[in-house]
Amino acid sequence: MFNERAVSRVIGRMGPMGRMRPIRPVRPLGLYRLSGHFCPLIALALLASLCSSSALAQAAKPLVQKIGKYQVELRLPAEGVSAGEEIDLHLRISDTSREDPVQGPAPVLRAKLAAVISMPSMPSMPKQQPKTHAEGIPGEYGVVAFFPHGGEYRLELSVTPPDSPVFKLVFAVQVLDEGLRGKPKPKPFFLKVESIPARPVAGAVTTLTLRIIERATGKQVANFETVHEMKMHLLIVSKDLDRFSHEHPELQPDGSFILKYTFVAGGPHRLFADCAPVGAGSIVLMQPIEVGGTKPISAPRPSMADIVSTTEGVMVKFAGPGLPLAVGKSILIRFKLSSVSDGKPAVDLQPWLGAMGHLILIHEDATTFVHSHPDESDPANGKDGTLTFLGRLPKAGWYRGWVQFQREGKVHTAMFTLNAGAMK
Ligand SMILES: [Cu+2]
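Numbering of the sequence shown is given in my numbering, commencing with residue 1 and proceeding in unit increments.
Written out as structure tokens, the structure reads:
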């Protein structure tokens, strides 16, 4: 199903610090001059702070560091790190003494990771101890950070591989000021879709060929990582968000993906391709597609939340947090599952695509795809009649959600309508 890497790249557990405000703005040098005389004490303090900055510059090496036989790679998003938003900083930890000729250094599994984030230029600022987690991909870890404002931060990591002593390293992270980035930059890849027939018709088989193209080079991506047991997860939704399908197109030797698919209804649809080109991390790319044939009667805009869904013997009920959901922060979204026949909790879910459950949320604009993933901090998740997901809704409005899980060998999909933020 959807890609946990993509998901956790953007969302994650809320750091313990929450939002911090700058302690005080950095004063320009001139302000330290008193009546034209240079204050020596402040000059010393300034010098000390400059020295500690340069010490940091030395300590904070490039984004790949080797500590003994271990290699730690910090993968910052290509668009940079912005203040004012929570971000999952991705790390890959590998063992260079065990190198595979194709895969490279072996991933280090089950390492313990602790992180401390501070800002050398503002030493009085409280340090953050962000939460860390293992990603769905071996050797990959995440640090869920929140930078309250722009500047250079120091990310200190303590890594304890299994059966090895702890080692420490420091990265410097440059953070852009909030709002500076403005309109989001185009993604480094785009999705190219060809269909046979050229205009799909509802009720007839369409052959879709999907290609992931690297924007900078125009080249088609050929190699993909396997995420949640698949090379690509394709979510096909009608623009009115009434129809949803989760497919796994087949990877061809040249890197294209082929799917034979029969659209149920005509009208505008959206394809969301969730995949991870090797080395580039996870991406979700969208393309619209127009389907001929009878158009379904467009559903009226939802006027109230739709929080209970029954899918083949299982009642799935949205169980909080309260609506409207918070916008722009990581939240735990819960569902309760019970048997329709006896009302007892459904405790017999089976893992499907590497997790006990999956949640996809799409905003009413039919474009904004919400990243969410199962809360793995709770081992009972999905086994005690509840499913809990970490999600982060980027904007206010209505969202349609689909919870998917497997029971008795069958995949169930339960649809919801939830609202978030201030309603229009
Ligand atoms: Cu999938």
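Backbone N, C-alpha and C fix where the C-beta goes; we use that ideal spot for every residue, glycine too.
Opposing strand residues paired with residue i [DSSP bridges]
{"i": "residue 277", "result": "224"}
{"i": "residue 397", "result": "420"}
{"i": "residue 410", "result": "407"}
{"i": "residue 95", "result": "70 and 106"}
{"i": "residue 160", "result": "112"}
{"i": "residue 308", "result": "317"}
{"i": "residue 283", "result": "275"}
{"i": "residue 236", "result": "245 and 271"}
{"i": "residue 415", "result": "402"}
{"i": "residue 81", "result": "175"}
{"i": "residue 336", "result": "317 and 386"}
{"i": "residue 208", "result": "195 and 259"}
{"i": "residue 230", "result": "227"}
{"i": "residue 345", "result": "338"}
{"i": "residue 461", "result": "Residue 461 lies beyond the stretch modelled for the chain, which goes from 1 to 424, so this question has no answer here."}
{"i": "residue 293", "result": "DSSP lists no partner for residue 293."}
{"i": "residue 425", "result": "Past the edges of the chain, shown from 1 to 424, lies residue 425, and the structure says nothing about it."}
{"i": "residue 378", "result": "Note: residue 378 sits in no beta bridge, so no partner."}
{"i": "residue 75", "result": "90"}
{"i": "residue 100", "result": "104"}
{"i": "residue 63", "result": "Note: residue 63 sits in no beta bridge, so no partner."}
{"i": "residue 331", "result": "391"}
{"i": "residue 128", "result": "117"}
{"i": "residue 288", "result": "270"}
{"i": "residue 213", "result": "190 and 220"}
Span of the beta strand (DSSP E), counted from its first residue to its last, around residue i
{"i": "residue 174", "result": "167-176"}
{"i": "residue 140", "result": "140-146"}
{"i": "residue 426", "result": "Shown here, the chain extends from 1 to 424; a query on residue 426 therefore has no answer."}
{"i": "residue 200", "result": "Element bounds for residue 200: n/a, residue is neither H nor E."}
{"i": "residue 358", "result": "358-363"}
{"i": "residue 388", "result": "386-392"}
{"i": "residue 134", "result": "132-134"}
{"i": "residue 325", "result": "Unbroken run through residue 325: none, as it is neither H nor E."}
{"i": "residue 374", "result": "372-374"}
{"i": "residue 259", "result": "257-262"}
Reference residue i; option with closest CA among the options
{"i": "residue 250", "options": "207, 96, 268 and 238", "result": "207"}
{"i": "residue 109", "options": "366, 272 and 70", "result": "70"}
{"i": "residue 243", "options": "313, 366 and 318", "result": "366"}
{"i": "residue 76", "options": "176, 373 and 195", "result": "176"}
{"i": "residue 268", "options": "238, 248, 88 and 245", "result": "238"}
{"i": "residue 382", "options": "169, 399, 131 and 354", "result": "354"}
{"i": "residue 275", "options": "411, 137 and 292", "result": "137"}
{"i": "residue 217", "options": "241, 189 and 93", "result": "189"}
{"i": "residue 102", "options": "374, 278 and 166", "result": "278"}
{"i": "residue 319", "options": "313, 118 and 333", "result": "333"}
{"i": "residue 293", "options": "205, 360 and 169", "result": "205"}
{"i": "residue 115", "options": "93, 372, 155 and 230", "result": "155"}
{"i": "residue 373", "options": "92, 252 and 133", "result": "133"}
{"i": "residue 196", "options": "96, 368, 262 and 220", "result": "262"}
{"i": "residue 331", "options": "364, 360, 390 and 363", "result": "390"}
{"i": "residue 322", "options": "89, 65, 312 and 307", "result": "307"}
{"i": "residue 78", "options": "407, 219 and 174", "result": "174"}
{"i": "residue 309", "options": "415, 107 and 66", "result": "415"}
{"i": "residue 314", "options": "305, 344, 304 and 129", "result": "344"}
{"i": "residue 409", "options": "191, 312 and 81", "result": "312"}
{"i": "residue 359", "options": "240, 338, 252 and 235", "result": "235"}
Closer than 7 Å: residue i CB and nearest ligand 2 heavy atom
{"i": "residue 304", "result": "Judged by which ligands are present, ligand 2 is missing from the structure shown, whose ligands are ligand 1."}
| query | Touch check for the stretch 250-258 and the stretch 210-225: three-plus C-beta pairs under 8 Å? | reply | These segments touch.
**Prompt:** Taking three-plus beta-carbon pairs below 8 Å as touching, is the stretch 341-351 in contact with the stretch 318-327?
**Reply:** no
### Query
Would you call the stretch 223-237 and the stretch 193-201 touching, i.e. three or more CB-CB distances under 8 Å?
no
On the three-pair Cβ rule with 8 Å, is the stretch 281-292 touching the stretch 377-387?
no
| query | Hey, is the stretch 403-423 in contact with the stretch 146-160, meaning 3+ C-beta pairs nearer than 8 Å? | reply | no
Taking contact to mean 3 or more Cβ pairs, one atom from each stretch, closer than 8 Å, check whether the stretch 410-421 and the stretch 388-398 are in contact. yes
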